[in-house]
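Chains as they are written, first to last, in the working numbering: chain E, 40 to 359; chain R, 3 to 519.
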């Protein structure tokens, strides 16, 4: 077990080092001189040289990389060029906002998708099935930017029901937080709801035609009992798999949603830091994201090995 | 079972009611202003963004300011400066009894400290602005004296911007180069907090010398980059003041009747910069680009004549901006009212192209900043010039990349704007003099330099205006390294019951003196 653990951790460390290298060089390949962005249109040559020197941008890239890596290993990802705030602190403030948004949108997606999918499967080939399918097609095909603006125009501008944008931390005002997060969470969750609904419907249709369900019907069990007690649980298994795969996509979708609803989360942070060539921030944000993925993968691998001893012995399920 | 469902639906209904019933409008004692961009460092010495100046206007006042007629007036100074020693000594009396927002006094020592910081701090973006100043002396507790290398007329205008903002020495000594995280200056509002990419919050200062001018307990500057989203927030009441309304939207807002739309022609310009000698980079020696656009003035004149500035304004900007053909905006007292912009003359443009040996037309690439408004501007130019025989390829580019390419001499032509300065020197000198810091086209004409340098030295406005007229004749009539096309209007929208707002041509929002009716 120890061998396996050491091997997996070593692989993760190497992966992280490669990622850090890709991140660092990738950021420097973005066209546009960061000193020029910082100095503005009216910066003269001396001013630009001073900025480059101040932020170490005049050193060769390998030197810059090693300097940055050395600090990163000590948990210091530097400070934002634009605001002078620590990168770690900035990310720590932004990440929970996006996680809340993703969590709420997941909740909304499940609340819509599961009942609609089951309903559609039970009433398949009826007008209700057609309507639910049409709605899911809309959810898949409507761009989130358009949907967001339409919701703002309807619910904020016309009806004044919800604030058009912004964010209030839940510990300051729970209701205010939910009022501001409802529309972005719905927009972000709409696409996911459509995918989950279709998956639930297909899965339920398959289960409902299984022999054991037919047996349950023939025994004279009530419809609701057959659907929810016997079919539903089994029908959910492929939905959960899809849900897992789609959850990562929520974080990506948050970039657009946060722009429309002016939610100061991780997505906006990435976009703004790239446009302002805030090198330390871009590097820090991407490195933290990548590290999280690597860490989660490592934990998953370790949990597999605990569940299935063949993995830790053979280094793979098929090796033997 | 049925009863349980009823309960669930009732709960859901109540939750929706609770979520939608809250107050959607901002509280009246807090004014919410939406900006299109997040400012950079909130330190007057290091700051460079335009939107940052809007924040400073409320918490960092200056020695001098400008009014809506571009007249410079004393703000933290007690009076206009005294100029002596042939223009090489500038004496400034300060307003008495003024305190920084941390309660420490703003006196001559503090102002000297601040101006020296602007001049000497590493990474200062004010250093070049104050470059003519050789030393600053404290004459008495409320008087400072600036010694200059040579007479420099634009100095007072320079002190009406960030270079003239005193900062609290106590706060600087405490925070060092982190001053931007909790800036302390003199202003009707003081800094409270900043959430990057989201908001900057200021609150009414308890130390400001004229508290009656601050009618709001709090100012919240929200960052909303997208024009459509900013507009939707104005209409929903989530923001009170919208900065930079798009021209088309401004017409719609006027029709709605709920909002006041304030438009003022800005101090800057937008033009097409034509590279003539920058082959390998702005800091390298000039080279021969070998293209007719760079080398033959007839081709550039033909391009100029193919454009109809008024039509560009109507088509691209719904007539909401101000057409122009010089670097000086019509709002400036230095603007030459007698100048007529060249009219469109396609026949003459074709003749000039033929005379330049290009009877079948000429193709070149025009770089534009990749946003919807600039793309529209580029497309209008492309269409107009085509009729005269120019086949323009538009190259949309992200702003920072385009600036770097321009510096490095990689662009043939570049549609780019300049936010403008109060003194015309700031719009011309650095772009048009040999070796000027922003002269990316590397053109050089010593006769133009002589005119522009002389205009810096003398203080008589009429004489300076004459010198600028002569220089502009040479720039726009001969070398055409910049074809000036229009002056951007700063368009602001707010509810009609917000009173006391005056639009100033620098486009900065000034909430001081503004109140709800």
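Each residue gets a CB set at the ideal place from its N, CA and C atoms; glycine is no exception.
Cutoff 9 Å: residue i Cβ touching any chain E Cβ
{"i": "residue 394/R", "result": "no"}
{"i": "residue 508/R", "result": "no"}
{"i": "residue 162/R", "result": "no"}
{"i": "residue 227/R", "result": "yes"}
{"i": "residue 118/R", "result": "no"}
{"i": "residue 151/R", "result": "no"}
{"i": "residue 5/R", "result": "Below a pLDDT of 50, predicted positions are generally treated as unreliable, and residue 5/R, at 47, falls in that range; no measurement from the model is reported."}
{"i": "residue 2/R", "result": "Residue numbering for chain R in the displayed model covers 3 to 519; residue 2/R lies beyond these limits and cannot be assessed."}
{"i": "residue 246/R", "result": "no"}
{"i": "residue 182/R", "result": "yes"}
{"i": "residue 198/R", "result": "yes"}
{"i": "residue 400/R", "result": "yes"}
{"i": "residue 132/R", "result": "no"}
{"i": "residue 26/R", "result": "Residue placement at residue 26/R cannot be trusted, given a pLDDT of 45 that sits under 50; the coordinates are not used to answer."}
CB contact below 9 Å: residue i versus chain R
{"i": "residue 327/E", "result": "no"}
{"i": "residue 42/E", "result": "no"}
{"i": "residue 119/E", "result": "yes"}
{"i": "residue 223/E", "result": "no"}
{"i": "residue 269/E", "result": "no"}
{"i": "residue 191/E", "result": "yes"}
{"i": "residue 341/E", "result": "no"}
{"i": "residue 139/E", "result": "no"}
Boundaries (first-last residue) of the beta strand (DSSP E) holding residue i
{"i": "residue 398/R", "result": "392-399"}
{"i": "residue 150/R", "result": "145-150"}
{"i": "residue 76/R", "result": "74-76"}
{"i": "residue 126/R", "result": "No beta strand (DSSP E) contains residue 126/R, which DSSP labels as neither H nor E."}
{"i": "residue 261/R", "result": "261-267"}
{"i": "residue 95/R", "result": "91-95"}
Closest residue to residue i among the options (Cα-Cα distance)
{"i": "residue 495/R", "options": "32/R, 37/R, 62/R and 30/R", "result": "37/R"}
{"i": "residue 42/R", "options": "160/R, 197/R, 150/R and 124/R", "result": "197/R"}
{"i": "residue 343/R", "options": "353/R, 376/R, 329/R and 335/R", "result": "329/R"}
{"i": "residue 167/R", "options": "189/R, 153/R and 147/R", "result": "189/R"}
{"i": "residue 230/E", "options": "249/E, 246/E, 293/E and 257/E", "result": "293/E"}
{"i": "residue 296/E", "options": "238/R, 252/R and 231/R", "result": "231/R"}
{"i": "residue 273/E", "options": "238/E, 289/E and 126/E", "result": "238/E"}
{"i": "residue 53/R", "options": "88/R, 164/R and 380/R", "result": "164/R"}
{"i": "residue 132/E", "options": "200/R, 136/R, 56/R and 85/R", "result": "200/R"}
{"i": "residue 101/R", "options": "128/R, 63/R and 83/R", "result": "63/R"}
{"i": "residue 178/E", "options": "86/E, 87/E, 41/E and 151/E", "result": "151/E"}
{"i": "residue 172/R", "options": "379/R, 161/R and 185/R", "result": "185/R"}
{"i": "residue 134/R", "options": "140/R, 158/R, 112/R and 333/R", "result": "158/R"}
Through-space distance from residue j to residue i, alpha-carbon basis
{"i": "residue 321/E", "j": "residue 314/E", "result": "10 Å"}
{"i": "residue 60/E", "j": "residue 333/E", "result": "15 Å"}
{"i": "residue 347/R", "j": "residue 390/R", "result": "9 Å"}
{"i": "residue 108/E", "j": "residue 62/E", "result": "11 Å"}
{"i": "residue 220/R", "j": "residue 228/E", "result": "35 Å"}
{"i": "residue 185/E", "j": "residue 480/R", "result": "49 Å"}
{"i": "residue 353/R", "j": "residue 291/R", "result": "24 Å"}
{"i": "residue 364/R", "j": "residue 336/R", "result": "36 Å"}
{"i": "residue 2/R", "j": "residue 33/R", "result": "Nothing can be reported for residue 2/R: it is not among the residues displayed for chain R, which extend from 3 to 519."}
{"i": "residue 409/R", "j": "residue 331/E", "result": "39 Å"}
{"i": "residue 305/R", "j": "residue 70/R", "result": "35 Å"}
{"i": "residue 338/E", "j": "residue 271/R", "result": "57 Å"}
{"i": "residue 268/R", "j": "residue 112/E", "result": "49 Å"}
{"i": "residue 160/R", "j": "residue 46/R", "result": "13 Å"}
Residue i, enclosing alpha helix (DSSP H) - first and last residue
{"i": "residue 228/E", "result": "213-247"}
{"i": "residue 491/R", "result": "Not the alpha helix (DSSP H): residue 491/R falls in the beta strand (DSSP E), residues 491-497."}
{"i": "residue 348/R", "result": "348-357"}
Spell out a yes or no on whether the stretch 298-314 of chain R and the stretch 434-449 of chain R are touching, meaning 3 or more CB-CB pairs, one atom from each, closer than 8 Å. In short, these stretches do not touch, since the Cβ pair count stays below three.
Does the count of Cβ pairs from the stretch 247-257 of chain E and the stretch 204-214 of chain E closer than 8 Å reach three? no
Determine, using beta-carbon pairs with one atom in the stretch 299-311 of chain E and one in the stretch 209-229 of chain E, whether at least three such pairs fall under 8 Å. Touching, yes, given that three or more Cβ pairs across the two stretches are closer than 8 Å.
Give a yes or no on contact between the stretch 412-429 of chain R and the stretch 272-283 of chain R, applying the rule of three or more CB pairs nearer than 8 Å. yes
The stretch 140-158 of chain R in contact with the stretch 90-100 of chain R per 3-pair CB rule at 8 Å: yes
Decide if the stretch 125-132 of chain E is in contact with the stretch 110-117 of chain E; the criterion is three or more beta carbon pairs, one per stretch, under 8 Å apart. yes
State whether the stretch 154-174 of chain E contacts the stretch 133-140 of chain E, with contact taken as three or more CB pairs (one from each stretch) at a distance under 8 Å. no
Closer than 8 Å is the cut-off here; do at least three beta carbon pairs connect the stretch 203-219 of chain R with the stretch 177-193 of chain E? The stretch 203-219 of chain R is not in contact with the stretch 177-193 of chain E.
Mind the definition here: the stretch 190-200 of chain E touches the stretch 241-251 of chain E only if three or more C-beta pairs lie below 8 Å; say whether that holds. no
Would you list, in chain order, the members of the stretch 256-286 of chain E that have their beta-carbon closer than 7 Å to a beta-carbon of chain C? Among the protein chains in the structure shown, which are E and R, there is no chain C.
Counting pairs of Cβ atoms below 8 Å between the stretch 376-396 of chain R and the stretch 416-426 of chain R, do you hit three or more? yes
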